[in-house]
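*Asks:* For the sequence shown, the positions run 92 to 408 when my numbering is used.
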Amino acid sequence: MLERMTYWGLARTAAVIVLLMAGAPLAGQDREEEPEVQARSLLGKELRTPPVSSEVRAEFEAKLEEARKRYRENPSEENLIWVGRRLAYLGRYRQAVKTYTQGLEEHEASPHLLRHRGHRFITLRRFDWAIDDFEKAAGLTQGQPDEVEEDGLPNARNVPTSTLQTNIYYHLGLAHYLKGDFEKALDAYQECLQRSRNNDMQVATRHWLYMTLRRLGRQEEAREVLMPVEEGMDIIENQAYYDLLLMYKGLKTPQDLLDPEADGLQSATVGYGIGNWHLYNGRREEAMKIFGQIVEQPGWAAFGYIASEAELARRGD
């Protein structure tokens with residue numbers, strides 16, 4: 092296994108260099124040329140840097156400069172990760188990957204860098220590369236105590252809800268799910284659920300676990316996943332996943348969940364959940380219609396958007 096991972100890691104690193112060879116500035120540099128086209132969708136569409144308001148951009152740019160300054164003063168692994176995270180919040184996903192790859196040249200056994208790079212490989216539709224990073228990160232954290240991950244975009248209560256290990260297994264499950272490998276996705280989500288210690292991580296993981304089991308035709312096990320989900324749970328940030336779980340239990344309807352004022356992330360999350368619900372309940376035409384509507388929206392980094400792409404690509408649209 093180690094030999095396979097080492098060989099694949101070297102091959103993947105070379106491929107990353109080819110993919111991102113439009114200049115690779117050091118994390119501490121103040122300016123870089125970021126290509127407008129970040130990736131290509133699973134349907135062949137160019138995915139460009141998402142637009143943000145001038146006010147939000149100014150705030151995010153200022154935080155990026157703060158992160159770079161801290162890295163110049165102290166070029167630690169943690170400070171490098173924050174440069175990558177701040178780049179990603181601005182939609183500069185390729186630069187974020189470059190930053191994490193730079194860090195892994197020095198910290199090759201860092202589960203933190205692997206976890207964050209894997210996340211952005213998913214954004215860039217490089218699922219196999221993401222899986223490789225997450226599997227390696229999982230091996231590095233096996234038997235180790237978990238640790239809370241600080242939020243870069245804090246929720247309303249400023250209470251982080253995820254951990255290093257939940258993020259590793261959650262995103263590993265997602266990468267397998269997006270490839271249509273539901274058996275491997277199931278294994279990862281079950282591992283994630285064991286590490287999910289609060290309501291927010293519980294509902295997020297149970298949502299993808301439920302959908303995975305339904306896609307595998309294991310309806311009884313899927314119903315068991317829903318059993319601990321009740322009305323009135325205290326949810327900080329994963330309200331969309333919670334509402335979807337209540338819909339799967341029959342306590343809400345799709346109409347209850349649809350919000351015309353929802354932002355792109357929320358809209359794609361809820362939309363994909365509803366579309367997938369139609370799909371595994373035999374309403375394929377309705378499902379594909381919803382998936383098609385989602386990929387016409389601008390929020391192409393949302394997991395629900397990527398999942399909708401994957402469904403349409405598998406159909407051949």
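Here a beta-carbon is modelled for each residue, glycine too, at the ideal position from N, C-alpha and C.
As the structure is a computational prediction, the values presented were derived from the model and not from experiment.
Please tell me whether Ala158 and Val147 are closer than 8 Å, where the distance is taken between their beta carbons.
*Replies:* The criterion of a C-beta distance shorter than 8 Å is not satisfied by Ala158 and Val147.
*Asks:* At the level of alpha carbons, what is the spacing between Glu376 and Lys160?
*Replies:* 52 Å
*Asks:* Let me check you understand the geometry: is the CB of Asn249 closer than 7 Å to at least one non-hydrogen atom of the ligand GTP?
*Replies:* Of the ligands one can find in the structure shown there are none, so the ligand GTP has no counterpart to examine.
*Asks:* For Glu197, report the span of its alpha helix (DSSP H) as first-last.
*Replies:* Tyr184 to Glu197
*Asks:* Touch check for the segment 326-341 and the segment 356-376: three-plus C-beta pairs under 8 Å?
*Replies:* With contact defined as three or more Cβ pairs closer than 8 Å, the segment 326-341 and the segment 356-376 are in contact.
*Asks:* What's the gap between the Cα of Ile222 and the Cα of Arg183?
*Replies:* 21 Å
*Asks:* How many whole angstroms separate the CB atoms of Glu282 and Tyr260, which I take to be in contact at a CB cut-off of 8 Å?
*Replies:* 4 Å
*Asks:* On the three-pair Cβ rule with 8 Å, is the segment 194-203 touching the segment 160-171?
*Replies:* yes
*Asks:* What's the C-alpha gap between Leu304 and Tyr280?
*Replies:* 10 Å
*Asks:* Could you spell out where the beta strand (DSSP E) holding Gln129 opens and where it closes?
*Replies:* Val128 to Arg131
*Asks:* Quick check on the burial criterion: 16 or more other C-beta atoms within 10 angstroms. Buried or exposed for Met318?
*Replies:* exposed
*Asks:* Do you know how far the Cα of Gly243 is from the Cα of Phe151?
*Replies:* It is roughly 10 Å from the alpha-carbon of Phe151 to the alpha-carbon of Gly243.
*Asks:* State the start and end residues of the unbroken alpha helix (DSSP H) segment that holds Glu315.
*Replies:* Gln310 to Leu317
*Asks:* Among Ser358, Leu231 and Arg176, which has the Cα closest to the Cα of Ile397?
*Replies:* Ser358
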